[in-house]
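Just below is one structure, and these are the notes that go with it.
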Ligand code: ADP
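Shown next, in the form of structure tokens:
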């Protein structure tokens, strides 16, 4: 069994998976035994929602103050223990931690020791919003089970194969290197999983296919994957670059930030909040949920329609750019909340790209399913696919492979 922890600044998401090592060949299948979420840690209204899938029991929800990550993890441990799945179980082989920023050092999942933890801490300046929470989660889990292997699985690792000409910004080299400024990319666990699953759907080995992966959640990123290796991705030094997101601007002329400071009198922090929290779909139309935006468009709301069009225009630009980067594209894969559920986004993103071999079959696109599936007509030269992502399973598989090797 592997416990997967995704620790945010005020939340912990977790899944306990049975890796079924005897399932024979290939990566272990991974059966979910329990899933849950602790939210609003540090507030009076903390909430723990736990679903014991193994026992088929109902979701249990408890509300009340959970002071910090340590208390949160102890509460999770108690919930698991109540189902006979406690952290003291000898069947627990590892705890897999999602770690957002692994810099250039961590190119693969890594068993955490003091030196690894120190290196993750050294990366806090390039991931100030994410790595501190991940570190707290790791420290807490290590204190609870010091004897158990804890594995860090990095969001950046899949992108470390990007060639230097894709990873480096065209700025002064000495300045960039002194401050470790380069494009790292994020959502790598999802891009890795989805590109592999796309190859599987096409009945090919990952080494044989070139895929453009569009991870469209509240955060969104695109990647160009050539023969299983990432060659470009849309997020950069931070997750702010690239596609239009729920609350982030994505690509923007950096001079906008000077302008806001010089002319609008905004502080560094004001600009940070503006671009990360008050921009993207929410900045454009007040909503960041694609369901709500589609509903408003259906009612004739022009602001919602313009926001949607800007979102789609950016997506198209990346599809075009990555087609050029890859030279030959075998598939475009949509994933995450929007990519998996919003058929109008998929249809609009690929509309008019027939010359590039892309097309969407309206009936296939309308199918709702949790399974990987094609949405392109048979004649299309490039497959279009919906591939539900599963970052927890990918983290569990990577952690399990490492500790059982
Ligand atoms: P996160 O980046 O938080 O992990 P998710 O991948 O869960 O995000 O995606 C969340 C987003 O997915 C929501 O903000 C919403 O825009 C979109 N979404 C979820 N369900 C649907 C749906 N049925 N139709 C359209 N959009 C959806």
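Residue numbers (the numbering used here): 9 to 413. All C-beta atoms in this analysis are idealised placements derived from N, C-alpha and C, irrespective of residue type, glycine included.
Exercise. Would you check whether the ligand ADP has a heavy atom nearer than 7 Å to the C-beta of residue 346?
Key: Here residue 346 refers to the residue found at position 338 when the chain shown is read from its first residue. Result yes, Cβ under 7 Å from the ligand ADP.
Self-check item: residue 309 CB to nearest heavy atom of the ligand ADP below 7 Å
Solution: Residue 309 sits at position 301 when you count from the first residue of the chain shown. Result no, Cβ not under 7 Å from the ligand ADP.
Quiz item: Which of helix, strand or coil does DSSP assign to residue 33?
Solution: Within the chain shown, the letter at position 25 stands for residue 33. Summary for residue 33: the model assigns pLDDT 48, below 50, so the residue's position carries little reliability; its value from the coordinates is reported in the next sentence. Coil at residue 33, not helix or strand.
Quiz item: Does the ligand ADP have even one heavy atom less than 7 Å from the beta-carbon of residue 299?
Solution: Taking the chain shown and counting its residues from 1, one reaches residue 299 at position 291. Yes - the ligand ADP has a heavy atom lying nearer than 7 Å to the Cβ of residue 299.
Quiz item: Run through DSSP, which three-state label would residue 82 get?
Solution: For this step, residue 82 is matched to residue 74 along the chain shown. In this structure, DSSP gives residue 82 a helical state, which the three-state scheme calls helix.
Exercise. Please confirm whether any heavy atom of the ligand ADP lies closer than 7 Å to the CB of residue 350.
Key: Taking the first residue of the chain shown as 1, we reach residue 350 at position 342. At a cut-off of 7 Å, the beta-carbon of residue 350 counts as near the ligand ADP: some heavy atom of the ligand is closer than that.
Quiz prompt | Straight-line Cα distance separating residue 248 from residue 367 | solution = Start at 1 with the first residue of the chain shown, and residue 367 comes out as number 359. Start at 1 with the first residue of the chain shown, and residue 248 comes out as number 240. Each residue's alpha carbon lies about 29 Å from the other.
Quiz prompt | Nearest-angstrom Cβ-Cβ length linking residue 440 and residue 87, presumed shorter than 8 Å | solution = Outside the modelled stretch of the chain, which goes from 9 to 413, sits residue 440, for which no answer is possible.
Practice problem: Report yes if the CB atom of residue 20 is closer than 8 Å to the CB atom of residue 77, and no otherwise. | Solution: By 1-based counting over the chain shown, the position of residue 20 is 12. By 1-based counting over the chain shown, the position of residue 77 is 69. A contact, by the Cβ cut-off of 8 Å.
Quiz item: Hey, how far is the Cα of residue 244 from the Cα of residue 92?
Solution: Taking the chain shown and counting its residues from 1, one reaches residue 244 at position 236. Taking the chain shown and counting its residues from 1, one reaches residue 92 at position 84. Going from the Cα of residue 244 to the Cα of residue 92 covers about 43 Å.
Quiz item: Which residue from 275, 99, 408, 199 puts its Cα closest to that of residue 344?
Solution: As a working note, residue 344 is residue 336 in the chain shown. Closest by alpha carbon: 199.
Practice problem: Using a threshold of 8 Å, state whether the C-beta atoms of residue 123 and residue 411 are closer than that. | Solution: Here residue 123 corresponds to residue number 115 of the chain shown, with the count starting at 1. Here residue 411 corresponds to residue number 403 of the chain shown, with the count starting at 1. Going by C-beta atoms, residue 123 is not nearer than 8 Å to residue 411.
Quiz item: Nearest-angstrom Cα distance between residue 135 and residue 246?
Solution: Residue mapping note: residue 135 aligns to position 127 of the chain shown, counting from 1. Residue mapping note: residue 246 aligns to position 238 of the chain shown, counting from 1. One C-alpha to the other measures close to 7 Å.
Practice problem: Check whether the Cβ of residue 225 sits closer than 7 Å to any heavy atom of the ligand ADP, and report yes or no. | Solution: Position 217 of the chain shown, counted from the first residue, corresponds to residue 225. Annotation for residue 225 indicates a beta carbon within 7 Å of some heavy atom of the ligand ADP.
Quiz item: When the Cα atoms are used, what is the spatial distance from residue 239 to residue 15?
Solution: Within the chain shown, the letter at position 231 stands for residue 239. Within the chain shown, the letter at position 7 stands for residue 15. For residue 239 and residue 15, the gap between their C-alpha atoms comes out near 28 Å.
Practice problem: Measure the Cβ-Cβ separation of residue 61 and residue 41 and say whether it is below 8 Å. | Solution: Here the question's residue 61 lines up with position 53 in the chain shown. Here the question's residue 41 lines up with position 33 in the chain shown. Yes, Cβ-Cβ distance for residue 61 and residue 41 is below 8 Å.
Quiz item: Is residue 254 near the ligand ADP, with its Cβ less than 7 Å from a heavy atom?
Solution: Along the chain shown, read from residue 1 onward, the residue named residue 254 stands at position 246. It does: the Cβ of residue 254 is within 7 Å (strictly closer) of some heavy atom of the ligand ADP.
Quiz item: Does DSSP put residue 179 in a helix, in a strand, or in coil?
Solution: For this step, residue 179 is matched to residue 171 along the chain shown. Residue 179 falls in the coil class under three-state DSSP.
Practice problem: Since I believe residue 318 is in contact with residue 390 (beta carbons under 8 Å), could you give me their beta-carbon distance rounded to a whole number of angstroms? | Solution: In the chain shown, residue 390 corresponds to position 382, counting from 1. In the chain shown, residue 318 corresponds to position 310, counting from 1. Contact between residue 390 and residue 318 is ruled out by a C-beta separation of about 24 Å, above the 8 Å threshold.
Quiz item: Roughly how many whole angstroms lie between the Cα atoms of residue 217 and residue 131?
Solution: Counted from its first residue, the chain shown places residue 217 at position 209. Counted from its first residue, the chain shown places residue 131 at position 123. Rounded to whole angstroms, residue 217 to residue 131 spans 33 Å at the Cα level.
Exercise. Compare the Cα-Cα distances from residue 49 to each of 96, 307, 145 and report the closest residue.
Key: The residue given as residue 49 occupies position 41 in the chain shown. Ranking 96, 307, 145 by Cα distance to residue 49 puts 145 first.
Quiz prompt | Simplified DSSP assignment, three categories, for residue 248 | solution = Counted from its first residue, the chain shown places residue 248 at position 240. Coil.
Quiz item: When you compare only the Cα positions, how much space is there between residue 357 and residue 55?
Solution: One-based indexing of the chain shown puts residue 357 at position 349. One-based indexing of the chain shown puts residue 55 at position 47. So the two alpha carbons sit approximately 37 Å from each other.
Practice problem: Work out the CA separation of residue 120 and residue 22 for me, nearest whole Å. | Solution: Translated into the one-based positions of the chain shown, residue 22 becomes position 14. Translated into the one-based positions of the chain shown, residue 120 becomes position 112. Near 18 Å, if we compare the C-alpha coordinates of residue 120 and residue 22.
Practice problem: In angstroms with no decimal places, state the Cα-to-Cα distance between residue 263 and residue 280. | Solution: As a first step, residue 263 must be located in the chain shown, where it is residue number 255. As a first step, residue 280 must be located in the chain shown, where it is residue number 272. Between residue 263 and residue 280, the C-alpha separation is close to 14 Å.
Quiz item: Could you give the residue range of the beta strand (DSSP E) that holds residue 240?
Solution: Taking the chain shown and counting its residues from 1, one reaches residue 240 at position 232. Where residue 240 is concerned, the enclosing beta strand (DSSP E) stretches over 237-241.
Self-check item: Assigned exposure category for residue 89 - 16 Cβ within 10 Å defines buried
Solution: Within the chain shown, numbered from 1, the residue matching residue 89 stands at position 81. Residue 89 counts as exposed, since fewer than 16 other C-beta atoms from the protein chains shown sit within 10 angstroms of its C-beta.
Quiz prompt | Simplified DSSP state of residue 104, which is helix, strand or coil | solution = In the chain shown, residue 104 corresponds to position 96, counting from 1. When DSSP states are grouped into helix, strand and coil, residue 104 belongs to the strand group.
Quiz item: So which of 302, 186, 332, 115 has the shortest CA-CA distance to residue 232?
Solution: Here residue 232 refers to the residue found at position 224 when the chain shown is read from its first residue. In this structure, 332 is the residue among 302, 186, 332, 115 with its C-alpha nearest to the C-alpha of residue 232.
Quiz item: Counting along the chain, where does the beta strand (DSSP E) carrying residue 58 start and finish?
Solution: On the chain shown, residue 58 is found 50 positions in, with the first residue counted as 1. From DSSP, the beta strand (DSSP E) with residue 58 extends over 55-59.
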